[in-house]
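Novice:
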Amino acid sequence: VTASGPMNAMNRARAWLEQFNLVDRSLAQKLLETFAFVSRDDFNDQMGAMLLREAEAIQGTVALYAERELRHRLGKPHRLFSETRRSIKRATGAKGPDAVKPTKAYDPSVGSEGIVAQMISQLCHEYPKKFLNHPGPEQIRRKRARALWVVTDLIGSGDRASNYLEAAWLVRSVRSWWSGKLMEFAVMAYSATESGERLVARHPSKPTIHVVLPCPTIDTCFSTKEAQQMKVLCTTYDPTDGEPGHGPWFWSAPSLGYGNAGALLVFAHGAPNNVPLMFHKASKDKKNTWTPLFPARVSAGLNKEVFGIDLTAESISARLANLGDNSLAKSK
557 VTASGPMNAM
567 NRARAWLEQF
577 NLVDRSLAQK
587 LLETFAFVSR
597 DDFNDQMGAM
607 LLREAEAIQG
617 TVALYAEREL
627 RHRLGKPHRL
637 FSETRRSIKR
647 ATGAKGPDAV
657 KPTKAYDPSV
667 GSEGIVAQMI
677 SQLCHEYPKK
687 FLNHPGPEQI
697 RRKRARALWV
707 VTDLIGSGDR
717 ASNYLEAAWL
727 VRSVRSWWSG
737 KLMEFAVMAY
747 SATESGERLV
757 ARHPSKPTIH
767 VVLPCPTIDT
777 CFSTKEAQQM
787 KVLCTTYDPT
797 DGEPGHGPWF
807 WSAPSLGYGN
817 AGALLVFAHG
827 APNNVPLMFH
837 KASKDKKNTW
847 TPLFPARVSA
857 GLNKEVFGID
867 LTAESISARL
877 ANLGDNSLAK
887 SK
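For reference, each letter of the sequence shown is one residue, going 557 to 888 in this note's numbering.
Laid out in structure tokens, this is it:
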């Protein structure tokens with residue numbers, strides 16, 4: 557066992573649990589054990605298989621774009637493509653948007669879009685006649701792309717996926733392709749929360765949404781009574797307590813993670829910001845220190861052997877039984 561192997565991961569989880577009061581520790585352990593862990597191989601294999609499967613129904617090539625935060629002005633994202641300055645606007649340019657590009661000069665870090673962009677690049681290399689890697693308008697026309705897919709690891713709040721669709725929608729040529737039934741939109745994600753999926757589905761482009769599996773959350777993994785207890789736990793141990801904007805979950809404060817999602821899923825490449833803050837935020841209060849399980853949302857060193865569960869048919873059945881839905885638990 558190496559220093560970063562299973563024993564170290566187990567020690568990290570144990571040290572994190574020991575920060576809770578004894579009366580709350582069993583509840584925190586139950587919450588931790590409910591997490592789903594997605595390895596890098598699982599992510600690449602299952603996302604690739606889904607993209608290939610859904611692409612079979614497209615009569616033409618598919619333009620793939622890694623979802624990322626885009627620059628915006630006055631609440632609106634910048635257009636995905638450049639347009640001519642004539643009275644009749646036309647999308648122009650051979651180059652498409654960058655797959656990875658920091659939006660803030662003072663924060664050059666790359667998020668999950670780096671892993672997604674790498675997966676897209678590999679898929680386009682293997683199937684060049686079917687997929688296009690972040691193409692610009694000229695390549696879309698020349699290659700007769702008939703679908704524009706935004707690819708992401710998780711639709712959490714749905715904000716970023718909706719903004720990316722909106723950036724494309726603001727381009728007049730793109731709206732023209734859509735209205736002429738030459739282009740259809742979709743968001744392809746490994747996982748999605750119910751609320752995030754609903755938000756994305758409301759976009760005017762009427763995107764179809766495909767996921768490998770639904771995102772487990774506090775509300776979907778526990779009964780109403782237990783979910784309430786878990787939310788109180790997350791609020792009580794919120795390490796940002798006392799900072800501006802802090803408040804309990806019922807004030808729509810971020811104790812449960814961005815968008816109040818309470819997501820219980822972590823990827824090998826990192827924990828989403830929709831996960832409760834006590835898992836990935838450190839306390840700034842020197843008197844009441846708090847060491848997160850995923851510092852700065854980094855999950856490296858953890859693995860499915862010692863952390864979380866896989867969403868297999870057996871584990872899903874066990875969760876349904878725990879929620880009292882025995883008929884679904886016994887079904888195939």
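We put the CB at the ideal spot given by N, CA and C, even for glycine. Treat the numbers as computed from the prediction; the structure is a model and nothing was measured.
If you reduce the DSSP assignment to three classes, tell me which class A622 lands in.
Specialist: For the purposes of this step, residue 622 is identified with residue 66 of the sequence shown, where counting begins at 1. Three-state DSSP puts A622 in a strand.
Novice: Does DSSP put P851 in a helix, in a strand, or in coil?
Specialist: The residue given as residue 851 occupies position 295 in the sequence shown. Three-state result, P851: helix.
Novice: Whether or not the region 684-701 and the region 630-649 are in contact is what I'm after, with contact meaning three or more pairs of Cβ atoms, one per stretch, closer than 8 Å; do they touch?
Specialist: Cβ pair count under 8 Å is three or more, so yes.
Novice: Classify H836 as helix, strand or coil using the three-state DSSP reduction.
Specialist: By 1-based counting over the sequence shown, the position of residue 836 is 280. It is coil, neither helix nor strand.
Novice: Classify P890: buried if its beta carbon has 16 or more other beta carbons within 10 angstroms, exposed otherwise.
Specialist: This structure cannot speak to residue 890, because the chain is shown only from 557 to 888.
Novice: Can you give me the start and stop residues for the beta strand (DSSP E) that H825 sits inside?
Specialist: Stepping through the sequence shown from its first residue, residue 825 is reached at position 269. It is not in any beta strand (DSSP E) - H825 carries neither H nor E in the DSSP assignment.
Novice: Use the C-beta contact count for V579: other C-beta atoms within 10 angstroms, 16 or more gives buried, fewer gives exposed.
Specialist: Start at 1 with the first residue of the sequence shown, and residue 579 comes out as number 23. Classification of V579: exposed, given that the 10 Å Cβ count is below 16.
Novice: Starting from M786, trace the alpha helix (DSSP H) in both directions and tell me its first and last residue.
Specialist: Translated into positions along the sequence shown, residue 786 becomes position 230. Looking at the DSSP string, the run of the alpha helix (DSSP H) that includes M786 is T780 to T792.
Novice: Pair every Cβ in the region 713-723 with every Cβ in the region 672-685, then say whether three or more of these pairs are closer than 8 Å.
Specialist: No, the region 713-723 does not touch the region 672-685.
Novice: Nearest to F593 by CA position, among E612, Q575 and L769, is which residue?
Specialist: Position 37 of the sequence shown, counting from 1, holds the residue named residue 593. Ranking the options by Cα distance to F593, first place goes to L769.
Novice: Check the DSSP bridge columns for L688 and list the partner residues they point to.
Specialist: Your numbering for residue 688 matches position 132 in the sequence shown. According to DSSP, L688 bridges with A619.
Novice: Less than 9 Å separating the beta-carbons of Y621 and A655?
Specialist: Counting from one through the sequence shown, the residue named residue 621 turns up at place 65. Counting from one through the sequence shown, the residue named residue 655 turns up at place 99. Yes.
Novice: With G712 and G752 assumed to form a contact (beta carbons below 8 Å), what rounded beta-carbon distance in angstroms separates them?
Specialist: Within the sequence shown, numbered from 1, the residue matching residue 712 stands at position 156. Within the sequence shown, numbered from 1, the residue matching residue 752 stands at position 196. With 8 Å as the limit, G712 and G752 qualify as a contact, their Cβ atoms being about 5 Å apart.
Novice: Whole angstroms are fine: how far does the CA of H634 sit from the CA of F687?
Specialist: In the sequence shown, residue 687 corresponds to position 131, counting from 1. In the sequence shown, residue 634 corresponds to position 78, counting from 1. Roughly 24 Å between the two C-alpha positions.
Novice: Of the choices M744, G631 and W734, whose alpha-carbon is the least far from that of E610?
Specialist: Position 54 of the sequence shown, counting from 1, holds the residue named residue 610. Checking every option, the nearest Cα to that of E610 belongs to M744.
Novice: Using three-state DSSP, classify K651 as helix, strand or coil.
Specialist: By 1-based counting over the sequence shown, the position of residue 651 is 95. Correct three-state label for K651: strand.
Novice: Give the DSSP-derived three-state secondary structure of R702 in the structure shown.
Specialist: Working through the sequence shown from its first residue, we reach residue 702 at position 146. Residue state, collapsed to three classes: strand.
Novice: Which of helix, strand or coil does DSSP assign to P633?
Specialist: Counting from one through the sequence shown, the residue named residue 633 turns up at place 77. In the structure shown, P633 sits in a strand (DSSP, three-state: E or B).
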